[in-house]
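Residue 1 is where the sequence shown starts when you use our numbering, and the numbers rise one by one after that.
Glycine included, C-beta positions come from ideal geometry on N, C-alpha and C.
Accompanying notes for the structure given below.
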Amino acid sequence: MAMAISSALPSPLLLMAAALMLLIVQAQSITRHYEFNVQMANATRLCTTKSMVTVNGQCPGPELVAREGDRVVIRVTNNVAHNITLHWHGVRQVRSGWADGPAYITQCPIQTGQSYVYNFTVAGQRGTLWWHAHISWLRATVYGALVILPKFGVPYPFPAPHKEVPVIFGEWWNADTEAVVKQAVQTGGGPNVSDAFTINGLPGPLYNCSAQDTFKLKVKPGKTYMLRLINAALNEELFFSVANHTLTVVEVDAVYVKPFTVDTLVISPGQTTNVLLTAKPYYPGANFYMSAAPYSTARPGTFGNTTVAGILEYENPAMPPSAASFVKGLPLFKPTLPQLNDTDFVTNFTDKLRSLATAEYPAAVPQSVDRRFFFTVGLGTLPCPANMTCQGPNNTQMAAAMNNVSFVLPTRALLQSHFTGLSSGVYAPDFPVVPLSPFNYTGTPPNNTNVETGTKLLVLQYNTSVELVMQDTSILGIESHPLHLHGFNFFVVGQGFGNYDAVNDPAKFNLVDPVERNTVGVPAGGWVAIRFLADNPGVWFMHCHLEAHTTWGLRMAWLVLDGSQPNQKLLPPPSDLPKC
């Protein structure tokens, strides 16, 4: 009997293996804690020094890293005079809408001297996302990368890169951006454009006084690098290219795509794109610009038309590793970027985006639709208040709207108003499902360009499959609008130019492997169709990610009701939820 007991005891090797397995299982999902202190810091760019709002004194702010399945806990303490909220852009926040972050949508702002803990789990997502302030224009300096690594032992569906590098595009104003937006709102005109674009906070050599503030990426010959591109600019879609190198697109908005290789890509505010860049197999004896410049069809003067550059430089095998790599005497190659308003290029690029649609990474496109919606998306005007001169067209105020409703932020948070049942006087559940006054959307605009104002939500039953067509309008000029949906990914099943044809266009929809993302460009003078499953209860903001347009009211919110099962209901709010 003693022998039998003895033989049943595990060997030390088995014990070690079991302990290792336990560690691996535990490592599959851990809780990661971050401390974010919102504080003022001085920064000098373009020979101008200013005090600006930052997280932990950095711009870009700290990189937040997690693995798929991890719980992430970020304590945000507000040490500045402005109210603040932070949004974890692209994180689905299933049942945890209290942690989503848009001010007056899912929470009241964190007031000066107060703290709030954002607590959420990253479930079923891996890739590049980002975080940013979500109140007024504070995201100009309050933003950073949010990297979600695959679960332990799960490889990328492409060859593993030698190194991964975040590349964040931003915008720099010499002025205080809160003063810029305040002036625009007061005058009713367009905001002053930025003074420079930046790469990882640096304007680079093409701007005055900025050669010393240049992002440099040092590479080894023959190695492959994954660039985690993030467009954190406020108001500009951007072309990006690296001179004499190709970029292989492998992921957008933290969803893998069928890889394809380009010389140049386009990335809108709010979007992320992972690309593989393979260095030349030999030391090239040259340096290469990594350049970004705007794509816009808007009127000149309403956007910054400059180019930002970083420098790709090679390690020289003949030089000791400690030697300075950037040799000024080397040739410097510059990429050729598309024309400013090259919509054809943008269309050709976005048409290449396709989901992997494999057994491991399926494209769960809703094949049937419960509810169909049609939203116009575009600019408009509001009458100039009495005793005021306005800088919009014909002495009006600039505005923007979806289905002609320019969304007004409430003074109490929508999610709490819904959860407590105290929504009267805060919002109306009657956002129009189609334009109330149809017109030739991309033709000659109507004489009356005024929009309505209101705080209207569109209510969805839990698990509704939704198809939404968003139609650009020619009112005050056709323009591309990057629309971001909180709380969901969606599938981009179709797009086209001119007015959407509800009879003939659906036959061309891609329901097999459409790209899945959280931010999509509504084409200039065209339309885009998306589908998603409303399986996440809560109030979810949807807005243009061009900050000027959001300020003017190009925004709305969906209210997804609870399902019948316990795991289909919004969790109660945390005890430290800020008060208005």
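Whole-number beta carbon distance between residue j and residue i, since they are thought to touch under 8 Å
| i | j | result |
| --- | --- | --- |
| G526 | G498 | 7 Å |
| Y118 | W130 | Incorrect: roughly 14 Å between the Cβ atoms, too far for contact. |
| A145 | T128 | 7 Å |
| P482 | H545 | 4 Å |
| L337 | S368 | In fact, because the Cβ distance is near 42 Å, the residues do not count as touching under 8 Å. |
| F158 | P60 | Actually they do not touch by this definition, with Cβ atoms about 26 Å apart. |
| G69 | G204 | Contact doesn't hold; Cβ gap of about 38 Å is too wide. |
| F541 | P102 | 5 Å |
| S136 | G304 | That pair is no contact at about 19 Å. |
| T261 | T246 | 5 Å |
| A534 | V466 | 6 Å |
| R354 | V515 | 6 Å |
| A254 | Q125 | 5 Å |
| I105 | L415 | 7 Å |
C-alpha distance - residue i paired with residue j, whole-angstrom precision
| i | j | result |
| --- | --- | --- |
| A357 | V512 | 8 Å |
| G553 | N235 | 15 Å |
| G189 | G392 | 5 Å |
| G329 | L277 | 24 Å |
| N394 | V308 | 35 Å |
| P161 | L238 | 25 Å |
| L149 | R67 | 5 Å |
| Q39 | L64 | 18 Å |
| L561 | Q93 | 15 Å |
| H549 | N450 | 15 Å |
| N348 | S96 | 37 Å |
| L458 | G113 | 35 Å |
| Q107 | T420 | 13 Å |
| V180 | P383 | 21 Å |
| R45 | A175 | 11 Å |
| S564 | R531 | 23 Å |
| C580 | G425 | 15 Å |
| H89 | K456 | 23 Å |
| E452 | T551 | 15 Å |
| T187 | N387 | 12 Å |
| P573 | W98 | 6 Å |
| Q26 | N518 | Note that Q26 has pLDDT 49, beneath the 50 cutoff, so the model's placement of it is unreliable and no number is given. |
| L559 | K280 | 51 Å |
| P331 | D576 | 57 Å |
| A123 | G454 | 34 Å |
| L22 | Q28 | Note that L22 scores 45 on pLDDT, short of 50, meaning its location in the model is unreliable; the coordinates nonetheless yield the value given after this. Between L22 and Q28, the C-alpha separation is close to 10 Å. |
| P385 | V185 | 12 Å |
| A233 | F240 | 13 Å |
| S296 | G380 | 18 Å |
| G285 | A318 | 11 Å |
| E313 | E164 | 16 Å |
| V493 | V503 | 15 Å |
| P578 | F509 | 43 Å |
Residues bridged to residue i (per DSSP)
| i | result |
| --- | --- |
| L217 | L312 |
| F345 | F345 is not bridged to any residue. |
| Q39 | T54 |
| I230 | I168, T272 |
| E516 | F491 |
| P294 | L238 |
| Y289 | I311 |
| T420 | Answer by DSSP bridge pairing: none, since T420 is not bridged. |
| T31 | R71 |
| Y225 | K163, L277 |
| G521 | P482 |
| L559 | V459, V539 |
| R45 | T48 |
Next on the checklist: Under 8 Å, with one C-beta from each stretch per pair, do the segment 204-218 and the segment 252-271 reach the 3-pair mark?
Outcome noted: The answer is no - the segment 252-271 does not touch the segment 204-218, with fewer than three Cβ pairs under 8 Å.
Next on the checklist: Going residue by residue through the segment 423-499, where are the continuous beta strand (DSSP E) segments of at least 3 residues, counting only ones entirely within it?
Outcome noted: Qualifying beta strand (DSSP E) stretches, in chain order: 452-454, 457-460, 464-472, 481-485, 490-497.
Item to check | 3-residue-minimum beta strand (DSSP E) runs that sit fully inside the segment 47-97, ordered along the chain | outcome: With a minimum length of 3 residues, the continuous beta strand (DSSP E) runs that stay inside the segment 47-97 are 48-55, 64-67, 71-78, 86-89.
Checklist entry - Does the segment 333-344 come within contact of the segment 414-434, defined as at least 3 CB pairs closer than 8 Å? => result Cβ pair count under 8 Å is below three, so no.
Next on the checklist: Check whether the segment 194-205 and the segment 156-173 touch, using three or more Cβ-Cβ pairs below 8 Å as the test.
Outcome noted: The answer is yes - the segment 156-173 touches the segment 194-205, with three or more Cβ pairs under 8 Å.
Checklist entry - What runs of the beta strand (DSSP E), each 3 residues or longer, lie entirely inside the segment 85-165? => result Counting only runs of 3 or more, we get 86-89, 115-121, 127-133, 143-149.
Next on the checklist: My parser needs the beta strand (DSSP E) runs of 3 or more residues fully inside the segment 528-554; what are they?
Outcome noted: The qualifying runs are 538-544.
Checklist entry - Along the chain, which unbroken stretches of the alpha helix (DSSP H) at least 4 residues long are found entirely within the segment 164-217? => result Counting whole runs of 4 or more residues, the segment 164-217 contains the alpha helix (DSSP H) stretches 177-187.
Checklist entry - Does the segment 469-480 come within contact of the segment 515-524, defined as at least 3 CB pairs closer than 8 Å? => result Result yes; three or more Cβ-Cβ pairs closer than 8 Å.
Checklist entry - Unbroken beta strand (DSSP E) runs of length 3 or more, entirely within the segment 238-275: which are they? => result Correct list: 247-252, 255-262, 264-267.
Item to check | Inter-stretch contact at 8 Å, needing at least 3 Cβ pairs: the segment 217-233 / the segment 68-76 | outcome: No, because fewer than three Cβ pairs between the segment 217-233 and the segment 68-76 fall closer than 8 Å, the two stretches do not touch.
Next on the checklist: With three or more C-beta pairs closer than 8 Å as the rule, is the segment 374-389 touching the segment 468-477?
Outcome noted: A contact is defined here as three or more CB-CB pairs under 8 Å, and the segment 468-477 meets this definition with respect to the segment 374-389.
Next on the checklist: What ranges does the beta strand (DSSP E) occupy inside the segment 344-415, keeping only unbroken runs of at least 3 residues that lie completely in it?
Outcome noted: Segments of the beta strand (DSSP E) lying fully in the segment 344-415: 371-383, 396-402, 405-407.
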